[in-house]
Ligand code: SME
């Protein structure tokens, strides 16, 4: 069984130890990808103007390295400033395919106040792989990363 509390603790430790926000993102991606078998692709997009730019990720290379805010589930989550869970990506017209194996997706914005800094994007090869504990974990990780980015500009 997935021990979400232990994973959250381990991500927090890795983020705290990291010497830059980029390193923190890489460590968070690695911890999530290795600890949750259902997470087939784990990546972080960072907002650059009106585009989301792919940062650290683990999984098959994605063709979507830059996503305009109006496109994809990624663009929708950034525009709506809230987490989006899609149980069946093939039934969602917004979905931009990254791998034919992907069945479900969660996108969690990384916020600072009302501003979107980026987002955590996770795909699963299993349908409806993301439930409340995943959302809670990933929203906690997004908050950790936001804090790390803030500490860098202070
Ligand atoms: N599926 C995303 C695109 C990114 S890939 O999954 C890595 C979307 O619909 O926005």
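In our numbering, the protein residues as written are 597 to 750.
Note that CB positions come from ideal geometry on N, CA and C, so glycine has one too.
Only a predicted model underlies this, so the values are computations on that prediction, with no experimental measurement involved.
What residue range does the alpha helix (DSSP H) around residue i cover?
i           : result
residue 631 : 617-631
residue 707 : Unbroken run through residue 707 is the beta strand (DSSP E), 700-708; no alpha helix (DSSP H).
residue 745 : 728-749
residue 609 : 600-613
Who are the Cβ neighbours of residue i in its own chain at under 7 Å, not counting the five residues just before and after it?
i           : result
residue 685 : 691, 698, 699, 700, 701
residue 733 : 600, 603, 604
residue 736 : 604
residue 646 : 664, 665
residue 748 : 616, 617
With a threshold of 8 Å on Cβ separation, who are the neighbours of residue i within its own chain once the five nearest residues in sequence on each side are excluded?
i           : result
residue 670 : 641, 648, 660, 663, 692, 703, 715, 717
residue 740 : 607, 608, 611, 620, 624
residue 678 : 705
residue 729 : 598, 600
residue 668 : 660, 690, 691, 692
residue 738 : 704, 705, 706, 707, 715, 716
What does the alpha-carbon distance come out to for the pair residue i and residue j?
i           : j           : result
residue 727 : residue 683 : 9 Å
residue 710 : residue 665 : 16 Å
residue 644 : residue 746 : 16 Å
residue 724 : residue 681 : 9 Å
residue 634 : residue 627 : 13 Å
residue 672 : residue 629 : 23 Å
residue 720 : residue 658 : 14 Å
residue 779 : residue 676 : Within the shown structure, residues of the chain are numbered from 597 to 750, placing residue 779 beyond reach of any answer.
residue 637 : residue 631 : 12 Å
residue 731 : residue 707 : 15 Å
residue 639 : residue 722 : 17 Å
residue 650 : residue 622 : 12 Å
Apart from the five residues on each side of it in sequence, which residues of its chain come closer than 6 Å, Cβ to Cβ, to residue i?
i           : result
residue 695 : 656
Segments of 4+ residues assigned as alpha helix (DSSP H) that fall wholly inside the region 635-715: 668-676
Three-pair Cβ contact test at 8 Å for the region 609-617 versus the region 715-735: Segments in contact, no.
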